[in-house]
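Single-structure report; data block below.
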Amino acid sequence: MSRGRCVLAYSGGLDTSYCVLMLINEGWDVTAVTVDTGGFTTEELAEAKQRAESLGADYRCIDACDEVYRDFVTYIVKGNVLRGGVYPLCVAAERVQQAIVCANVAKEVGAVAVAHGSTGAGNDQVRFDAVVRTMIPDIEIIAPIRDRRISRQASTDALAAAGMPVAKKTTDYSINASLWGTTIGGKETHDPWEYPSEAVWHMTRPKEGLEALEVTLRFEKGCPVALNGEDMSGVELIRALNKLAGERGIGRGIHMGDTIIGIKGRIAFEAPAPLVLIEAHRELEKLVLTKWQGFWKQNLSTFYGNLLHEGLYFDPVMRDIEAFLDQSQVNVSGEVRVLLGLGHSHVLGVRSDKSLMALEVGRYGEDNAYWDGRDAAGFCKLFPLQASMATWRDQKNT
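2 is the number of the first residue of the sequence shown in this note's numbering; add one for each residue after it.
Laid out in structure tokens, this is it:
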């Protein structure tokens, strides 16, 4: 007797394939939903479909690249969000979108449960549960890997026994690829002293014979709109820049940080386009924003990134901060020259019609037209006044 319809967030990988097998064996009618956020090849999607159906599940594949870019990536770029100063939230954005899609499918098919393949020690469990519970408060959430503490080796063995062997690298590493980057967890990432071998990296393997390349990025209101003079959609531009930067070995990183549940976590990641875009956008902002715009933007963007990382996308404060970020980007339009070197990138120059670098007013370290030496001397005298008075007071009282 069927236990009802269960919608499973399905990547086609080791853990979610095990979830299909387990759920069907326990009497669930399973709808396996692959939410394509840009990390699958055509062949991988075909394999995921074949695997799910061979295990007995209904299968759906839903393309959500445009939604991930529109609702998440644009604000990561506008906010220059780098968790721990290095990591551009490659997974958080897509996990929230995947959970949203799965919840919507569950509503559509009248499911009584939603399932995911998250472990009990990671961030994804919180993201999936938080989004699904917000969208469908009374639905049952099933997380077989978490709830039964299933190891990757146990998943591998169970699938092999069911006639579906998996590659050893799938057991050794958990690799998550998307439009906005790839994360790699397993083996070396569990030891903070170790670094993954060259074989683990895929997006950022240097292509032999390539030289450094200068590219020009154009932004309009904080969003990238053109690469080397060619207008592109956000998704197209990210894909093109991922290729140009990735084949030069740009975009590798290691992020050590605090997980949502409180333990330390460490992942390797490959994010060629994200790191180049955020660096370019940040430099353009320095040209067009005031000091205090930059100050408050940085603080609010850090907070925004933290909540997105934690799956709290539906908290109303996120809409408030997005409104602030949108307003802050009204004048962030212009071009950025970036050198894509071998294994690194850096900004060569920026220009904008909205520039606040008014040379007719003054040139740093050289001459000035808007004030004279007496004005400058008076400013220098008054600027540290309170600090000076506090120092004099403390010296007097000691």
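Each residue gets a CB set at the ideal place from its N, CA and C atoms; glycine is no exception.
Query                                                                                                                                                            : Result
Under 8 Å between the Cβ atoms of G258 and R84?                                                                                                                  : yes
By a C-beta neighbour count over all protein chains shown, 10 Å radius and 16 as the cutoff for buried, is A324 buried or exposed?                               : exposed
On the DSSP letters alone, give me the boundaries of the beta strand (DSSP E) that S175 sits inside.                                                             : 175-179
Quick check on the burial criterion: 16 or more other C-beta atoms within 10 angstroms. Buried or exposed for Q396?                                              : exposed
Would you kindly report the start and end of the unbroken beta strand (DSSP E) that includes P225?                                                               : 224-228
Tell me the DSSP secondary structure of K265 in three-state form.                                                                                                : strand
Rank E284, R249, R267, P225 by C-alpha distance to the C-alpha of G210 and give the top, closest one.                                                            : R249
In this structure, how does DSSP classify M257 when only helix, strand and coil are distinguished?                                                               : strand
Beta-carbon separation of G13 and R128 under 8 Å?                                                                                                                : no
State yes or no: is the C-beta of V331 within less than 8 Å of the C-beta of E284?                                                                               : no
Does the Cβ of E189 have 16 or more other Cβ atoms within 10 Å, making it buried, or fewer, making it exposed?                                                   : buried
Secondary structure at V339, three-state DSSP: helix, strand or coil?                                                                                            : strand
So, does the stretch 279-293 touch the stretch 63-73, judging by three or more C-beta pairs under 8 Å?                                                           : no
Alpha carbon to alpha carbon, what distance is there between V97 and G118?                                                                                       : 14 Å
What does the Cβ neighbour count give for Q126, buried or exposed, with the cut at 16 atoms within 10 Å?                                                         : buried
Go through its chain and collect everything with a Cβ distance to S198's Cβ below 8 Å, but skip five positions before and after it.                              : E189
So, for L343: in the same chain, excluding its five sequence neighbours on each side, which residues have a beta-carbon less than 7 Å away from its beta-carbon? : P207, A213, R249, G250
Around the C-beta of N26, are 16 or more other C-beta atoms found within 10 angstroms, so that it is buried, or is it exposed?                                   : exposed
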